[in-house]
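This note's numbering puts the first residue of the sequence shown at 250, with every later residue one more than the last. All C-beta atoms in this analysis are idealised placements derived from N, C-alpha and C, irrespective of residue type, glycine included. Here is the structure we will look at.
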Amino acid sequence: TFLGVEALVLAGALYGGLGLTLIVAAKTGVFGAAPIAAAALGAVGFTGVYAVMIAAAMAARSAALSAAAGAVVWIAGIVAGNRATVAPLFEPGLPRGLFLAFTAPLPRLSELGRHAARVANGLPLDPGELAIQAGGTALFAAAALALALAAFERKDF
C-alpha cells in the first residue's frame, strides 16, 4: 500500500511538473526541467506524512484519525524546518528544550520546500544539505512504518 501510494504521488507530481514545464515552454519557448525536479521533491516530503497516516490507521482503523495525524505531521514538519527561528520565542530552559526535543525527530518539510523552490528557480543547491533533508524524511518514514508494522503484527484479524 505504502509503495503504491507513493508511486501514485510521484507520478502525479511528475505529471504536474511536466505539465507546467510544457505550458511554460509553449508560452515562452523556454524549456527547463526544474519544475519537474521540484515536484519530485514534493513527493519526497509526502513520504513522512503518509507513513504516519498509515501508522495511525493501523492503531485505530479510522480514516479521520489518519487524516488528522497527517495534518499534524505536515504542520509540525513546517514548524520543525523553522525550529532555529521559532526556538528563541520560547523561554530558555525547559520550554525551549521541550520544543527542540519535540521537533528534533520530525522531517523538515519546510526545508524540503525551500530546496524545491530553489530548484524550480534554477538557483544553486547544496546537494549535501538536500541529501540530509531527504534522508531524514526517509528515516522518519521508515520509523513510522516500523510502528505501523508493529501495530499490524499485534492485530488479530
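Check whether the Cβ of residue i lies closer than 9 Å to any Cβ atom in chain C.
i: ALA308; result: Any reference to chain C falls outside this structure, which holds one protein chain only.
If I measure Cβ to Cβ from residue i and keep anything under 8 Å in the same chain, skipping five residues before and after, which residues do I get?
i: ALA304; result: ALA318, ALA393, LEU394, LEU396, ALA397 and ALA400
i: THR250; result: ILE303
i: ALA262; result: ALA288, ALA289, GLY291 and ALA292
i: LEU259; result: ALA289 and ALA292
Can you say whether residue i is buried or exposed, counting buried as having 16 or more other CB atoms within 10 angstroms of its CB?
i: TYR264; result: exposed
i: LEU388; result: exposed
i: ALA316; result: exposed
i: GLY266; result: buried
i: PRO356; result: buried
i: ALA306; result: buried
i: ILE324; result: exposed
Apart from the five residues just before and just after residue i, which ones in its own chain have a Cβ nearer than 7 Å to its Cβ?
i: THR296; result: GLU255, THR386, ALA387 and ALA390
i: VAL328; result: VAL335 and THR352
i: GLY377; result: none
Give me, in chain order, the residues of the same chain whose beta-carbon lies closer than 6 Å to that of residue i; leave out the 5 immediate sequence neighbours on both sides.
i: GLU360; result: GLY330 and GLN382
i: PHE339; result: ARG345 and PHE348
i: VAL450; result: There is simply no residue 450 to check, as the chain begins at 250 and stops at 406 in what is shown.
Below 9 Å between beta carbons: does that hold for residue i and residue j?
i: GLY326; j: LEU358; result: yes
i: ALA312; j: VAL368; result: no
i: VAL273; j: VAL298; result: no
i: ALA371; j: ALA283; result: Sequence inspection shows Gly at residue 371; the Ala mentioned does not correspond to that position. Yes.
Could you give the distance in angstroms between the alpha-carbon of residue i and the alpha-carbon of residue j?
i: ALA320; j: LEU379; result: 23 Å
i: VAL301; j: HIS364; result: 23 Å
i: LEU271; j: GLY342; result: 52 Å
i: GLY281; j: ARG310; result: 43 Å
i: ILE402; j: GLY362; result: Reading the sequence as shown, one finds Glu at residue 402 and not Ile. So the two alpha carbons sit approximately 35 Å from each other.
i: GLY253; j: THR277; result: 36 Å
i: LYS404; j: LEU314; result: 18 Å
i: ASP375; j: ALA275; result: 30 Å
i: LEU269; j: ALA366; result: 14 Å
i: PRO373; j: ILE285; result: 16 Å
Quick check: the region 280-298 against the region 329-343, are there 3 or more CB pairs under 8 Å?
-> No, the region 280-298 is not in contact with the region 329-343.
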